[in-house]
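2 protein chains.
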Amino acid sequence: MRAKRASHDPGHGLGDVDGLLRSHGLRRTPQRQATLEAIAELSGHATAEQIAERVRRRLPTVSASTVYRTLGSLERVGALCHAHLGHTASVYHVGRAGLHQHLVCERCGALREVEASVTAGFAGELRRRFGFHANFTHFAVLGECRSCAARRPRSPGTPAGRRRGARH
Amino acid sequence: MRAKRASHDPGHGLGDVDGLLRSHGLRRTPQRQATLEAIAELSGHATAEQIAERVRRRLPTVSASTVYRTLGSLERVGALCHAHLGHTASVYHVGRAGLHQHLVCERCGALREVEASVTAGFAGELRRRFGFHANFTHFAVLGECRSCAARRPRSPGTPAGRRRGARH
DNA sequence: CTTCCTGCAAACTGTTTGCAGTCCA
DNA sequence: TGGACTGCAAACAGTTTGCAGGAAG
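Which chain is which? The protein sequence lines are A and B, in order. All residue numbers for the first sequence refer to our numbering, where the first residue is 1 and numbers rise by one. All residue numbers for the second sequence refer to our numbering, where the first residue is 1 and numbers rise by one.
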């Protein structure tokens, strides 16, 4: 990975995006450039809206649809990918899928990244027993983080009490 | 489970819903009755819309909002619960949460129920290592079913090809 | 100069909410 | 009777799409 770049690489660790675009017959546009930079700046998991806000600091008139289309294109060429962390909007991050997975607290929203190796054993079991190839990188593992679980000690049968903005 | 009923139990295996409602200060209405019967008839995992359609066979004017509010009430009193099987609408089913979990194929949508025991070991590991209490009953485990995985042999790095109506 | 790309507005799905009228207890 | 419940319409979030004009190559 990480092919050498001839020009225009802003050095955000995004790799040869220009080349990726070009090799897929896609154009390099200010909007796409700004989107890539925005994601790099946000350097984590960002929703389309957060990315759009960031993009508009540079190009104030970029529309939501362009952001969505751009994210789609960039994902298609392999420059980034998205994941679902619960009920809320999907989040995008740089790089290919499959590198890490997410544990998300349904109550406080806390996000913990874990290595793909963590789920490998379980995934193997599902594969052996059911022929099912689980993908824990695209959809998060939901549950309760340590502190939330401690705060509300196991009341059996209570289906994860509805809290705050947590519409389930 | 399956408390004895004094009256009105349609015998759908829904248990003492009347009592549940009453004990929560909620009323028994034709709409709620019809919703319960609809779910019992659908006897699986049904979306709010599927339930609404079924309800309207008996009460043609029931509105979507009533169905949603009814499902919410019934869930709050413990008569049913819902789960998320991917990008699509949530599905509702009779009974309390935590009894079974779902393996959902992201490509063909195939749904496989597995006993809660299947994930117990993995959940324990997450708890020990990260203090994270995973809940596999509310959010499904996504991936590829046996036949879809066979049809598209592992092309490494390809993030679950986009197909049919599968907007991710 | 020809595509691809963009912005705008509108549509869309799934779900929630405000309101005024209705009905159960 | 009074508060719970209902239907309607409107709003909501997140995302997609059709279209006409704009720009990359």
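All residues carry an ideal CB built from backbone N, CA and C; glycine is no exception. On a predicted model such as this, the values are computed, not experimentally measured, just so you know.
Best match in the options for proximity to residue i [C-alpha to C-alpha]
i: Y92 of chain A; options: A:Q31, A:I39, A:L26 and A:A34; result: A:I39
i: P60 of chain B; options: B:S23, B:G44 and B:P30; result: B:P30
i: E115 of chain A; options: B:L126, B:L36, B:Y68 and B:T47; result: B:L126
i: F136 of chain A; options: A:G98, A:R69, A:L21 and A:L80; result: A:G98
i: S32 of chain A; options: A:V17, A:C148, A:R107 and A:Q50; result: As written in the sequence, residue 32 of chain A is Arg, which differs from the Ser given in the question. Selected option, being the one with the closest Cα: A:V17.
i: L177 of chain B; options: B:V67, B:E75, B:C108 and B:R58; result: An answer regarding residue 177 of chain B cannot be provided, because it is not within the stretch 1 to 168 covered by chain B.
i: C108 of chain B; options: B:V94, B:C148 and B:T70; result: B:C148
i: A48 of chain B; options: B:R58, B:G19 and B:R69; result: B:R69
i: V62 of chain B; options: B:T35, B:E41 and B:L42; result: B:T35
i: E37 of chain A; options: A:R58, A:H24 and A:G19; result: A:R58
Identified DSSP bridge partners for residue i
i: V94 of chain A; result: A:L80
i: V141 of chain B; result: B:L103
i: E115 of chain A; result: A:H100
i: A134 of chain B; result: A:G143
i: A46 of chain A; result: A:Y92
Distance CB(residue i)-CB(residue j) smaller than 8 Å
i: R96 of chain B; j: G72 of chain B; result: no
i: R146 of chain B; j: F132 of chain A; result: yes
i: H82 of chain A; j: S90 of chain A; result: yes
i: V141 of chain B; j: A134 of chain A; result: yes
i: F130 of chain B; j: R112 of chain A; result: yes
i: C105 of chain B; j: G44 of chain B; result: no
i: F139 of chain A; j: H84 of chain A; result: yes
i: A52 of chain A; j: A64 of chain A; result: yes
i: V94 of chain A; j: L80 of chain A; result: yes
Classification of residue i by the beta-carbon crowding that lies within 10 angstroms, buried from 16 upward
i: H102 of chain A; result: buried
i: G157 of chain B; result: Confidence at G157 of chain B is low in this model, with a pLDDT of 42, below 50, so its placement is unreliable and no value can be given for it.
i: R54 of chain B; result: buried
i: A120 of chain B; result: exposed
i: R162 of chain B; result: Per-residue confidence for R162 of chain B stands at a pLDDT of 38, beneath the threshold of 50, marking its modelled position as unreliable; the derived number appears in the next sentence. Exposed, since its Cβ has fewer than 16 Cβ neighbours within 10 Å.
i: R128 of chain A; result: exposed
i: M1 of chain A; result: Its pLDDT being 38, under 50, M1 of chain A is placed unreliably by the model, and the measurement read from it follows with that caveat. Classification for M1 of chain A: exposed.
i: R27 of chain A; result: exposed
i: A150 of chain A; result: exposed
Partners in chain A for residue i, counting only beta-carbon separations shorter than 9 Å
i: G19 of chain B; result: Near G19 of chain B there are no residues of chain A at all, since even the closest Cβ is about 16 Å away, more than 9 Å.
i: L103 of chain B; result: L126, F130, F132 and A134
i: R22 of chain B; result: The premise fails here: R22 of chain B is roughly 19 Å from chain A at the closest Cβ pair, so nothing lies under 9 Å.
Chain-ordered chain B contacts of residue i [CB-CB under 9 Å]
i: V55 of chain A; result: Going along chain B, no residue has its Cβ under 9 Å from V55 of chain A, so there is no contact; the nearest lies around 21 Å.
Partners in chain A for residue i, counting only beta-carbon separations shorter than 7 Å
i: R128 of chain B; result: Those do not exist, as R128 of chain B stays about 11 Å from chain A at its closest Cβ, beyond 7 Å.
7 Å Cβ cut-off: residues of chain B touching residue i
i: R151 of chain A; result: Residues of chain B passing the Cβ test: none, with the nearest at roughly 12 Å.
i: R27 of chain A; result: Simply none; closest approach about 21 Å.
i: R32 of chain A; result: Per Cβ cutoff of 7 Å: no residues; R32 of chain A is ~19 Å from chain B at best.
Contacts that residue i makes with chain B (C-beta to C-beta distance below 8 Å)
i: V114 of chain A; result: F130
i: R69 of chain A; result: In chain order: nothing, as chain B lies at least about 13 Å away.
i: R58 of chain A; result: Per Cβ cutoff of 8 Å: no residues; R58 of chain A is ~27 Å from chain B at best.
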